[in-house]
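So the sequence shown is numbered by numbering that gives the first Met the number 0: it starts at 0 and just counts up by one.
Just so it is clear, CB atoms sit at the ideal spot from N, CA and C, and this is done for glycine as well.
Below is one structure; the comments refer to it alone.
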Amino acid sequence: MTTAFDLAADAAAFLRKRFAGDHHIVAVLGSGWADAVGVLGAGDRCAISEVPGFKKPSALGHGGEAISLTIGSSRVLVLTGRTHFYEGHGVAPVVHGVRTAAALGCKVAVLTNGAGVLREDWPIGEPVMISDHINLTGQSPMTGDNPPAPLAGRFVDLTDAYSKRLRAIARGASPMNEGVYLGLHGPHYETPAEIRAARSWGADLVGMSTVLEVIAARHVGLEVLALSLPTNLAAGISPTPLSGEEVIAVGKKSAARAGEVLRAVLSAIDAAA
Ligand code: 8IG
Numbered sequence: 000m001t002t003a004f005d006l007a008a009d010a011a012a013f014l015r016k017r018f019a020g021d022h023h024i025v026a027v028l029g030s031g032w033a034d035a036v037g038v039l040g041a042g043d044r045c046a047i048s049e050v051p052g053f054k055k056p057s058a059l060g061h062g063g064e065a066i067s068l069t070i071g072s073s074r075v076l077v078l079t080g081r082t083h084f085y086e087g088h089g090v091a092p093v094v095h096g097v098r099t100a101a102a103l104g105c106k107v108a109v110l111t112n113g114a115g116v117l118r119e120d121w122p123i124g125e126p127v128m129i130s131d132h133i134n135l136t137g138q139s140p141m142t143g144d145n146p147p148a149p150l151a152g153r154f155v156d157l158t159d160a161y162s163k164r165l166r167a168i169a170r171g172a173s174p175m176n177e178g179v180y181l182g183l184h185g186p187h188y189e190t191p192a193e194i195r196a197a198r199s200w201g202a203d204l205v206g207m208s209t210v211l212e213v214i215a216a217r218h219v220g221l222e223v224l225a226l227s228l229p230t231n232l233a234a235g236i237s238p239t240p241l242s243g244e245e246v247i248a249v250g251k252k253s254a255a256r257a258g259e260v261l262r263a264v265l266s267a268i269d270a271a272a
């Protein structure tokens, strides 16, 4: 039987051939981050839809490319968009990127996203770091048969999911606020009552991605750093209705800043390797 891990191995073989060799770091660009790629420098590009198992992301403001670039002495695979669970293809395509990256030799995943923010004192458009998450998607990438040996079993430990080591490196490269990300199914936004509940649960950020990727990334041994771009105050806190267009507009305005932070963080991770 072909497993999701076989498909990731196929994708990695394709990318290894296309980009001539293994990579060290994968960076996934979420909402508001796609335009930051310009700041990271030139690289070799390929359409993600050419790579086995990948779908062209349909989410607003997401790119559809795999880019191979070099930062310091690290080869970085940049995915300029991601597949969300709400796109309706199930969990496997959502986590295919991180599984492929691990099969391509990556040891570190830097996941980025756009998020609603529950903290009125956190500036919109200024990147923050995720310290931990609450997964309310009701999903897990580890559902199903136990992964084939030599992969780890399905009961993934998430105690230190957001690497303390990488967070210290990122903090040193670019001081940032840090908080808990609540991952929801979407694609609708929350009600104000849900945001009040989220606050009492200890959430600082809300979004529709990342948590499933982090679980899958930890399973395959990737060390994870996750950055959020707060693009809007959460529902009931925001003085205006939420909209995808607002997210895009903030992303565009913040691209240079987000790119600068991402570049500094990737450089620092390279330098610590
Ligand atoms: I960008 O306010 C972005 N993504 N669930 N809520 C949820 N996802 C988001 C939000 C938000 N903003």
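- Look at the beta carbons and you see the region 185-198 not touching the region 141-159: under three pairs across the two are nearer than 8 Å.
- With a cutoff of 7 Å on beta-carbon distance, I129 and Y161 are scored as near each other.
- Shown here, D120 sits in coil according to DSSP, grouped into three states, outside any helix or strand.
- Looking only at V50, G63, V27, S73, the smallest Cα-Cα distance to A270 is reached by S73.
- Between the ligand 8IG and the CB of V223, the shortest heavy atom gap is not smaller than 6 Å.
- Residue pairing by DSSP puts S227 in a beta bridge opposite N112, V127.
- Here V75 is actually not in contact with A65; their C-beta atoms are around 11 Å apart, not less than 8 Å.
- G178 has its alpha-carbon roughly 15 Å from the corresponding atom of S208.
- G20 is the residue among K16, E259, G20, K251 whose C-alpha sits nearest the C-alpha of C105.
- Taking C-alpha positions only, R118 is separated from A225 by approximately 18 Å.
- Taking C-alpha positions only, V36 is separated from L110 by approximately 13 Å.
- Membership of I66 in the beta strand (DSSP E) is indicated by the continuous run 64-70.
- Rounded to the nearest whole angstrom, the C-alpha separation of V77 and I47 is 11 Å.
- For A272, no alpha helix (DSSP H) encloses it, and the DSSP letter there is neither H nor E.
- In the structure shown, S73 adopts extended strand secondary structure according to DSSP, grouped into three states.
- Following the DSSP letters along the chain, one finds L181 inside the beta strand (DSSP E) bounded by residues 177-182.
- Excluding sequence positions up to five before and after H83, its CB lies within less than 6 Å of the CB of A58, M207, S208, all in the same chain and listed in chain order.
- Here T190 is exposed, its C-beta having fewer than 16 other C-beta atoms within 10 Å.
- Counting along the chain, V205 sits inside the beta strand (DSSP E) bounded by residues 204-206.
- Distance between S242 and G42, taken at the CA atoms: about 32 Å.
- The Cβ neighbour count for E212, taken over all protein chains shown within 10 Å, is at least 16; the residue is labelled buried.
- In summary, T142 is exposed, with fewer than 16 beta-carbon neighbours lying within 10 Å of its beta-carbon over all protein chains present.
- The ligand 8IG approaches V246 closely enough that one of its heavy atoms is under 6 Å from the residue's Cβ.
- Here the residues close to the ligand 8IG, judged by CB distance below 6 Å to any of its heavy atoms, are S30, G113, A114, G115, L183, G185, Y188, E189, V205, G206, M207, T230, N231, A233, L241, V246 in chain order.
- Between G182 and H132, the CB-CB gap stays under 7 Å.
- A Cβ-Cβ separation of about 10 Å leaves F53 out of contact with A7 under the 8 Å criterion.
- Close CB contacts of A255 within its chain, under the 7 Å cut and outside five residues either way in sequence, are with V38 (chain order).
- For A91, the enclosing alpha helix (DSSP H) has its first and last residue at 91-102.
- For S237, the closest C-alpha among the options I123, A108, L28 is that of I123.
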